[in-house]
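**Q**
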Amino acid sequence: MATPAYPSLEARWADAVLAAGGENPDAPDPARYAADLLTRWSEPQRRYHTTAHLTAVLDRVDELAGHARSARDLAAVRLAAWFHDAVYLPERSTNEERSARLAGRALAELGMPEDVTAEVVRLVLLTVGHDPAPGDRNGELLCDADLAVLGGTPEAYAAYAAEVRQEYGFVPDEAFRAGRAAVLRQLLGLPRLFRTPLGYERWERAARHNLTTELALLTT
């Protein structure tokens, strides 16, 4: 089956801004913000958290889009995908918080409705633990899209894990293994990794297998 043809990232950003209510003619050009975000997503310290990850999350959001409550909610989820790793410094533990603050400033400058801006900020912060409350359909959609990489083939998962290790290349092996194992245990401790029906059906079993396999490799 042929891969669907998606528009450019810049076009996807512009569509999301428009759909979310960013129609203020006095607001700055949204393209400036897309350029800034893409520069951030292309920083040299990134190996996994790159524009390829951004594209993958946006693609998964589109696949799971029927779970959104409305077109406006879907646009907010897409904007949150753009911002969720916009600030990414592996040596810091406040990346999600800083990404959320960036989203709040940028969307306010763009004249986005306050409720949309607040929702995007909330969703970005939700990616700290990927544990949305029951019934939080926007949160479930974003978190499932972000975690979809966990449910890939063993080969794809191994490539992802290797890229994460490269991002933490400054961390000694023993410390990395302990920290990474803690992250894996936190994920495996969730009652469900994927909260949307389609995400659960597609990725839950494979993701748990991949996480358990990596944890065993790290702790034996």
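One rule links them: number in this note's numbering = place in the sequence shown (from 1) + 221. By construction, the Cβ of each residue, glycine as well, lies at the ideal position given by its N, Cα and C atoms.
Mapping the DSSP letters down to three states, classify A223 as helix, strand or coil.
**A** Model confidence at A223 stands at a pLDDT of 40, short of 50, so the residue's coordinates are unreliable; what they give is reported in the following sentence. It is coil, neither helix nor strand.
**Q** Which residues mark the beginning and the end of the alpha helix (DSSP H) in which Y378 is found?
**A** 375-388
**Q** Note the first and the last residue of the continuous alpha helix (DSSP H) segment covering F304.
**A** 292-304
**Q** Given this structure, state the Cα-to-Cα distance separating T224 from A339, to the nearest angstrom.
**A** Confidence in T224 is poor, its pLDDT being 42 and thus under 50, which makes the residue's placement too unreliable to answer from.
**Q** Roughly how many angstroms separate the alpha carbons of A226 and L409, rounded to a whole number?
**A** Low per-residue confidence applies at A226: pLDDT is 48, beneath 50, and the placement is therefore not dependable, though the value from the model is reported in the following sentence. Rounded to the nearest angstrom, the two C-alpha atoms are 34 Å apart.
**Q** Give the straight-line distance between the Cα atoms of L258 and A232, rounded to the nearest whole angstrom.
**A** 13 Å
**Q** When you compare only the Cα positions, how much space is there between E284 and R423?
**A** 11 Å
**Q** From A382, G400, R326, D236, pick the residue whose C-alpha is nearest to that of A252; which is it?
**A** D236
**Q** Which residue's Cα is closest to the Cα of A354: V238, T417, W303?
**A** That would be T417, whose Cα lies nearest to the Cα of A354.
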